[in-house]
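In the numbering used here, the protein residues as written are 202 to 411.
From the three backbone atoms N, C-alpha and C, an ideal C-beta is built for every residue, glycine too.
These numbers come from a predicted model, not from an experiment.
Everything below concerns the one structure shown next.
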């Protein structure tokens, strides 16, 4: 049995149950959050979510339901929930009551988050990355004709990681990341060209010298 076949057998579904329905854009984000196993086990204020656009949410929900035996084998209840337009499955650690992972479909996206609240908060979000001043500054550094394909807020992430630290831990973190202070963000851009070629670039945005 090939490695791919073993994975498919373990997850209880085939590529045809998942990949064909992920037919749009994708985004991943890390942000402050006290909820979920990631934040609890790492003792940090950190959460994350993966969004993948789909044109067939009901089919993906059927696929997610097939994961129930996998989580049951790991002794994590995997129950279906509804919150407005969001339908999701939540795996929880029974002993601590902590969310392990939440997987669902909301709007036109397959969502994988570190907690149920993460999924709910994303759908309730009224602002977008496009309105963020730091992001707009990074986009302006891309050569003409290029569209942003990935953005990483370096200072924002450092602030999130430091947020739960105090005392000597915070001071040690500051000392170790001092060299990164001039680095504001990292942005990737791409541009389709003739035939089957594309041009990509990466720009590291630096703070202005004082």
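Rounded separation between residue i and residue j - CA only
i, j, result
"residue 301", "residue 376", "32 Å"
"residue 347", "residue 248", "30 Å"
"residue 262", "residue 343", "38 Å"
"residue 368", "residue 395", "56 Å"
"residue 332", "residue 384", "21 Å"
"residue 226", "residue 239", "25 Å"
"residue 236", "residue 246", "8 Å"
"residue 404", "residue 338", "11 Å"
"residue 361", "residue 234", "9 Å"
"residue 309", "residue 253", "8 Å"
"residue 294", "residue 244", "16 Å"
"residue 353", "residue 372", "24 Å"
"residue 313", "residue 289", "9 Å"
"residue 303", "residue 268", "12 Å"
"residue 355", "residue 272", "34 Å"
"residue 334", "residue 349", "15 Å"
"residue 283", "residue 326", "18 Å"
Reference residue i, options the options, closest by Cα
i, options, result
"residue 351", "391, 281, 366", "391"
"residue 374", "320, 359, 303", "359"
"residue 287", "261, 307, 386", "307"
"residue 305", "357, 233, 255", "255"
"residue 162", "334, 406, 323", "Not covered by the structure: residue 162. The range shown for the chain is 202 to 411."
"residue 278", "258, 299, 264, 285", "299"
"residue 259", "274, 379, 219", "219"
"residue 488", "403, 290, 264", "Residue numbering for the chain in the displayed model covers 202 to 411; residue 488 lies beyond these limits and cannot be assessed."
"residue 296", "275, 397, 337", "275"
"residue 380", "401, 407, 364", "407"
"residue 409", "386, 402, 393, 303", "386"
"residue 400", "345, 266, 285", "345"
Per-residue DSSP class, three states only, for residue i
i, result
"residue 297", "coil"
"residue 408", "coil"
"residue 252", "strand"
"residue 391", "strand"
"residue 381", "helix"
"residue 401", "strand"
"residue 242", "helix"
Outcome for residue i when other beta-carbon atoms lying within 10 angstroms are tallied against a minimum of 16
i, result
"residue 321", "buried"
"residue 281", "exposed"
"residue 316", "buried"
"residue 388", "buried"
"residue 364", "exposed"
"residue 393", "exposed"
"residue 328", "exposed"
"residue 370", "exposed"
What residue ranges within the stretch 261-295 form continuous alpha helix (DSSP H) runs of no fewer than 4 residues, ordered along the chain? DSSP assignment within the stretch 261-295 yields the following whole alpha helix (DSSP H) runs of 4 residues or more, N-terminal first: 269-274.
Kindly provide the ranges of any alpha helix (DSSP H) runs that are 4 or more residues long and lie completely inside the stretch 305-334, ordered along the chain. With a minimum length of 4 residues, the continuous alpha helix (DSSP H) runs that stay inside the stretch 305-334 are 317-325.
Complete beta strand (DSSP E) runs within the stretch 327-378 (minimum length 3 residues, chain order): The qualifying runs are 348-354.
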